[in-house]
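**Q**
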Amino acid sequence: MSYTVTLIPGDGIGPEVSAAMRRVVAATGISIDWEVLEAGEAVISKYGSPLPDHVLESIRRNKVGIKGPITTPVGKGFRSVNVALRKALDLYANLRPATSIVGVPAPYKDVDLVIVRENTEGLYAGIEHEVIPGEAAEAIRIITRRASERIVRFAFDYAVNHDRKLVTAVHKGNILKITDGLFLNTAKTVAAQYPAVAFNDRIVDNLCMQLVQRPQEYDILVLTNMFGDIVSDLCAGLVGGLGVTPGANIGDGIAVFEPVHGSAPKYTGQNKVNPTAVIRSGAMLLSYLGEQQAADSIERAVRQVIREGKSVTYDLKARRDDPTAVGTQEMADAIIAAL
Ligand code: NAD
């Protein structure tokens, strides 16, 4: 059996980590026909948009894609391609597991969290404007019952399917009484339909402190868009950083996988950064396709290479200037050898 998967290599470090992921996936023996398409600033002059229609059409047709990071200009320029992609394809659930890996320098050794972030509304609706030019500006945060209900339901379904015990809804309902009140009340209504999974809620600032002190007390976190963005990076930090943390954007019958990290432009083309996050995103993709054995074998191989600590990139060494650190492709070679 062969699968067709859309691959957007991205920019910055995207193409090099994506190439490493392709080689590792190929080494599992699963046959994938990659439809490689470009997006981002570099294609604007050719197609008139950083996210051309044919890229969206390819993902709609294949129902599954994987992407490297894409640079978004700060404070000016085009809207984030990542956000536009999630909205255009209604990939409403951003799924980011944050699990400790033996050998990764990290503040904790026993974290096992799953962050479920709403991906289509909240502050990311991107509705902002100047009220008085240069003096005052405002952004609008959209929360709907429909989007809240489906993201909380996604979190509970994930708990049921992955034998997890607790879902925590994260909010700021003490201050944002109307918007986060709607999110929290909707979460409580959905939770009542899943009696086998425990449910609680936390105010986001308190949750951040507790995650830093006792992350073991949490299991699945479900959050609105901006809080989810921030808390998922915090959780990536608990388990050793962006270089190892995979992610997925999932809708109904369609999914795009991507590492949590960005395009780290300063490392472009240096064969230096860690390919683990995108390789593990590739494993999540294989699992989504039903190729669980191949997915498990990648996860095992990644863990073995990191545990041995020899053929790993600079960020996984105790000292970042350790001269024995290997490059992106060499770490991928070690993972392939371990498969
Ligand atoms: P970043 O994740 O690109 O980099 C932050 C730092 O994290 C890097 O300087 C590096 O030290 C480290 N890092 C990141 N990936 C690593 C890896 N694979 N291996 C080792 N170290 C790694 O975040 P940023 O600097 O805030 O963003 C840069 C650009 O990426 C921005 O334009 C931003 O919009 C974009 N971005 C894109 C996505 C996406 O495509 N989904 C996500 C986040 C940021």
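Here our numbering is used: the first residue of the sequence shown is 131, the next is one more, and so on.
From the three backbone atoms N, C-alpha and C, an ideal C-beta is built for every residue, glycine too.
List the whole-angstrom C-beta distance separating G370 from I231, where the pair is believed to meet the contact cut-off of C-beta under 8 Å.
**A** Contact flag correct, Cβ pair sits at about 7 Å.
**Q** I160: which of G383, Q400, P227 and L416 sits nearest, CA to CA?
**A** The shortest Cα separation from I160 among G383, Q400, P227 and L416 belongs to L416.
**Q** Can you confirm whether the stretch 403-420 touches the stretch 151-160 when touching is taken to mean that 3 or more C-beta pairs between the two stretches lie within less than 8 Å?
**A** The stretch 151-160 is in contact with the stretch 403-420.
**Q** Identify every run of the beta strand (DSSP E) within the stretch 301-368, keeping only runs that are complete inside it and at least 3 residues long; order them along the chain.
**A** Correct list: 328-333 and 350-353.
**Q** Does the separation of the CB atoms of V435 and M414 fall below 8 Å?
**A** Going by C-beta atoms, V435 is not nearer than 8 Å to M414.
**Q** Using only the heavy atoms of the ligand NAD, determine whether one of them is closer than 7 Å to the beta carbon of A407.
**A** Yes, since a heavy atom of the ligand NAD falls inside the 7 Å radius drawn around the Cβ of A407.
**Q** Have a look at A464 and F329 and give me their C-alpha separation to the nearest angstrom.
**A** For A464 and F329, the distance between alpha carbons rounds to 41 Å.
**Q** Taking Cβ to Cβ, would you say G358 is nearer than 8 Å to N224?
**A** A contact, by the Cβ cut-off of 8 Å.
**Q** In angstroms, rounded to a whole number, what distance separates the CA positions of Y177 and L167?
**A** When rounded, the distance between both Cα atoms is 12 Å.
**Q** Can you tell me which of the three DSSP states T406 falls into?
**A** T406: helix per DSSP, three-state reduction.
**Q** Using a Cβ-Cβ cut-off of 7 Å (strictly less than) and excluding sequence neighbours within five positions of H391, which residues of its own chain qualify?
**A** If we look at H391 and ignore the five residues flanking it on each side, its Cβ neighbours are P199, L372, G373 and A407.
**Q** May I ask which residues mark the beginning and end of the alpha helix (DSSP H) holding F284?
**A** Counting along the chain, the alpha helix (DSSP H) containing F284 begins and ends at R275 to N291.
**Q** Apart from the five residues just before and just after G439, which ones in its own chain have a Cβ nearer than 6 Å to its Cβ?
**A** For G439, where only same-chain residues beyond five positions count, the Cβ hits under 6 Å are G233.
**Q** Check whether the stretch 417-435 touches the stretch 208-222, taking contact to mean three or more Cβ pairs, one atom from each stretch, closer than 8 Å.
**A** Taking 8 Å as the limit for Cβ pairs, the verdict is that the stretch 208-222 does not touch the stretch 417-435.
**Q** Please find out if some non-hydrogen atom of the ligand NAD comes closer than 7 Å to the beta-carbon of L364.
**A** No, since every heavy atom of the ligand NAD falls outside the 7 Å radius drawn around the Cβ of L364.
**Q** Going by DSSP in three states, I384 sits in which element: helix, strand or coil?
**A** Correct three-state label for I384: coil.
**Q** Using a C-beta cutoff of 8 Å, does V352 count as contacting chain B?
**A** The chain labelled as chain B is not found in the depicted structure, where only one protein chain is given.
**Q** Where do the ends of the alpha helix (DSSP H) carrying E438 lie?
**A** Where E438 is concerned, the enclosing alpha helix (DSSP H) stretches over Q422 to E438.
**Q** Taking DSSP's pairing of strands, which residues face E128 in a bridge?
**A** Since the first residue of the chain shown is 131 and the last is 469, residue 128 is not available in this structure.
**Q** Assuming E146 is part of the alpha helix (DSSP H), what are its boundary residues?
**A** Where E146 is concerned, the enclosing alpha helix (DSSP H) stretches over G144 to A157.
**Q** Could you check where the beta strand (DSSP E) with N224 kicks off and where it finishes?
**A** Here the beta strand (DSSP E) through N224 covers A223 to T229.
**Q** For the ligand NAD, any of its heavy atoms closer than 7 Å to the Cβ of T202?
**A** Within the cutoff, so yes.
**Q** I need the boundaries of the beta strand (DSSP E) containing T136, first residue and last residue.
**A** Residues S132 to I138.
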